[in-house]
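Written out as structure tokens, the structure reads:
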């Protein structure tokens with residue numbers, strides 16, 4: 009595609025895309041697939057053009073937690089497409105067939121694939137989309153394009169990492185923001201070789217600091233915390249692992265059939281249209297389906313290890329329950345951690361070689377990503393984006409282009425917003441909205457031309 013110089017000296021693609029996607033994880037990958045399937049079914053004039061901009065140099069999704077044998081917590085049927093289009097050729101089942109593992113997976117008798125295999129499915133699907141993905145490009149601004157007082161398009165400015173020092177600008181009639189989750193750590197904590205978030209686990213395992221460690225500490229009570237504890241305990245059989253969490257013990261996730269209905273696509277409009285107090289009630293009731301909870305089999309495995317070490321007298325796994333970290337003092341060759349036992353208030357100092365925060369993630373702030381275009385968006389009293397049921401952001405009256413978000417909508421759309429459970433159906437909802445807006449715009453232009 010030809011490029012030209014703009015007045016600011018940056019390069020601008022000659023085309024105006026129907027969709028410019030910011031971020032290319034599972035959410036926008038599902039959207040790209042939905043668009044491709046639509047484009048295959050219509051004449052060229054009805055097709056949707058798109059480009060996605062991704063800061064990673066190649067596709068990857070939580071690669072730091074691809075622990076061997078770690079299982080997904082959702083069914084393989086909740087892939088990128090099946091709940092929207094069960095006959096898609098980009099389903100997890102199609103991936104298995106393409107890799108000659110369909111019968112083997114069936115014989116495995118599991119609904120939940122390993123995290124590694126599901127990641128390979130995502131990579132497989134990302135390599136099969138027809139549109140353009142610009143990897144290694146960090147979005148630095150989104151600028152409104154104004155004609156006759158109306159915002160008719162958005163320029164997504166991205167800095168490339170090819171060493172050229174040149175920005176690329178992608179003009180879109182619609183922008184879809186899906187920048188995923190950001191690791192959550194205490195605000196005052198700085199990462200180092202000895203202090204880091206568990207999202208980097210697999211990358212850190214081969215470091216000299218980790219390989220020579222004799223004492224680890226993991227802070228957190230959820231699935232990723234328990235997986236990190238189990239991984240370090242198994243990988244380093246001579247090392248101690250201290251697990252710190254404020255609960256009495258690791259709590260099991262409520263994955264019962266009725267409770268799992270909170271993630272169903274049909275629940276989204278019900279939740280969206282509920283009064284604010286009912287939304288809060290539902291979020292509180294069912295938080296134990298996703299937050300600070302652990303798979304039951306993993307809990308049993310950790311308990312078995314803990315108990316066996318009590319029997320043998322060779323304690324390596326230390327569960328510091330009902331406790332919290334009150335101070336962290338990094339040193340040259342260790343980290344001193346102050347841990348308070350909540351029932352008594354007593355504080356114990358523990359010197360460790362590596363401190364890992366498995367304290368979860370938070371959605372990336374779309375307002376920061378949107379840059380100048382953020383001023384066009386309407387927010388609620390808590391500065392959260394106001395979105396429609398179709399994930400389109402409410403904007404100023406003079407905005408004729410669309411801004412959509414995937415992910416930071418738990419307050420409006422429910423618990424599945426940042427999870428894989430609804431990505432396929434949500435992609436279809438966004439595409440339907442894009443197509444409906446196109447028809448509406450074309451009808452308005454036709455009416456105006458005949459006025």
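Numbering (the working numbering), first residue to last: 9 to 459. Yeah, the Cβ is synthetic: ideal placement off N, Cα and C, and Gly gets one too. All values derive from a computational prediction rather than experimental measurement.
Select from the options the residue whose C-alpha is nearest the C-alpha of residue i.
i, options, result
"residue 543", "347, 30 and 284", "Nothing can be reported for residue 543: it is not among the residues displayed for the chain, which extend from 9 to 459."
"residue 253", "340, 349, 239 and 178", "349"
"residue 168", "208, 180 and 142", "142"
"residue 269", "297, 370 and 256", "297"
"residue 193", "186, 205 and 183", "205"
"residue 381", "55, 302, 189 and 149", "149"
"residue 146", "65, 416 and 220", "65"
"residue 374", "30, 25 and 23", "30"
"residue 328", "444, 234, 139 and 368", "234"
"residue 325", "281, 248 and 109", "248"
"residue 28", "42, 272, 61 and 54", "61"
"residue 366", "240, 51 and 427", "240"
"residue 276", "95, 427, 83 and 216", "427"
"residue 71", "406, 411 and 232", "232"
"residue 59", "107, 222, 166 and 106", "166"
"residue 358", "83, 280 and 347", "347"
"residue 250", "208, 333, 201 and 304", "333"
"residue 290", "316, 279 and 184", "279"
Hey, residue i and residue j are a contact pair by Cβ (cut 8 Å); roughly how many whole angstroms apart?
i, j, result
"residue 224", "residue 341", "Wrong, their Cβ atoms sit about 15 Å apart, outside the cutoff."
"residue 306", "residue 238", "6 Å"
"residue 364", "residue 385", "So it is not a contact: roughly 36 Å between Cβ atoms."
"residue 50", "residue 26", "Incorrect: roughly 13 Å between the Cβ atoms, too far for contact."
"residue 69", "residue 119", "Actually they do not touch by this definition, with Cβ atoms about 20 Å apart."
"residue 503", "residue 210", "In the structure as shown, the chain starts at 9 and stops at 459, and residue 503 therefore has no counterpart that could be examined."
"residue 185", "residue 377", "6 Å"
Over what stretch of residues does the beta strand (DSSP E) that includes residue i continue unbroken?
i, result
"residue 1", "There is simply no residue 1 to check, as the chain begins at 9 and stops at 459 in what is shown."
"residue 182", "182 to 185"
"residue 326", "325 to 328"
"residue 294", "Neither: residue 294 is in no beta strand (DSSP E) and is coded neither H nor E."
"residue 87", "Segment: none, residue 87 is in no beta strand (DSSP E) and carries neither H nor E."
"residue 142", "140 to 142"
"residue 48", "That residue, residue 48, is in no beta strand (DSSP E); its alpha helix (DSSP H) goes 34 to 48."
Would you give the residue range spanned by the alpha helix (DSSP H) that residue i belongs to?
i, result
"residue 210", "209 to 212"
"residue 335", "Per DSSP, residue 335 belongs to no alpha helix (DSSP H); it is in the beta strand (DSSP E), 331 to 338."
"residue 377", "374 to 378"
"residue 304", "304 to 320"
"residue 123", "123 to 134"
"residue 118", "No alpha helix (DSSP H) contains residue 118, which DSSP labels as neither H nor E."
"residue 199", "Taken as a continuous stretch (DSSP letters only), residue 199 belongs to no alpha helix (DSSP H), as it is neither H nor E."
"residue 384", "Premise fails: residue 384 is in no alpha helix (DSSP H) and is neither H nor E."
8 Å is my cut-off, CB to CB: does residue i come that close to chain C?
i, result
"residue 227", "Protein chain content of the structure displayed is limited to a single chain, and chain C is not contained in it."
Item checked: the segment 384 to 404 contacting the segment 222 to 229, beta-carbon criterion three pairs below 8 Å -> No, they do not touch.
Checklist line | Segment contact, 8 Å Cβ cut-off, at least three pairs: the segment 39 to 51 with the segment 419 to 429 | finding: No, the segment 39 to 51 is not in contact with the segment 419 to 429.
Note to self: Which complete alpha helix (DSSP H) runs does the segment 147 to 179 hold, if anything under 4 residues is left out?
What the structure shows: Note on the segment 147 to 179: there is no whole alpha helix (DSSP H) run with a minimum of 4 residues.
Note to self: Under 8 Å, with one C-beta from each stretch per pair, do the segment 95 to 109 and the segment 121 to 132 reach the 3-pair mark?
What the structure shows: Between the segment 95 to 109 and the segment 121 to 132 there are three or more inter-stretch CB-CB distances shorter than 8 Å, so the stretches are counted as touching.
Margin query: Quick test of the definition: if touching needs 3 or more C-beta pairs under 8 Å, does the segment 173 to 185 touch the segment 332 to 339?
Written below: Too few Cβ pairs lie closer than 8 Å, so no.
Notebook entry, point to check: When the Cβ atoms of the segment 425 to 433 are set against those of the segment 79 to 90, are three or more pairs found closer than 8 Å?
Noted result: Because the criterion of three Cβ pairs below 8 Å is met, the segment 425 to 433 and the segment 79 to 90 touch.
Checklist line | Runs of alpha helix (DSSP H) lying entirely within the segment 210 to 269, each at least 4 residues, in chain order | finding: Counting only runs of 4 or more, we get 216 to 219, 231 to 243 and 265 to 268.
Check: Does the segment 392 to 408 come close enough to the segment 255 to 264 that 3 or more CB-CB pairs lie under 8 Å?
Finding: With the cut-off at 8 Å, the segment 255 to 264 and the segment 392 to 408 do not touch.
Note to self: Assess contact between the segment 367 to 382 and the segment 238 to 258, defined as three or more Cβ pairs (one per stretch) separated by less than 8 Å. Is contact present?
What the structure shows: The segment 367 to 382 is not in contact with the segment 238 to 258.
Note to self: Just to confirm the assignment: which complete beta strand (DSSP E) runs, minimum length 3, are found wholly within the segment 397 to 443?
What the structure shows: Listed in chain order, they are 410 to 413.
Next item on the list: Spell out a yes or no on whether the segment 149 to 163 and the segment 406 to 415 are touching, meaning 3 or more CB-CB pairs, one atom from each, closer than 8 Å.
Entry: Contact holds: three or more Cβ-Cβ distances are below 8 Å.
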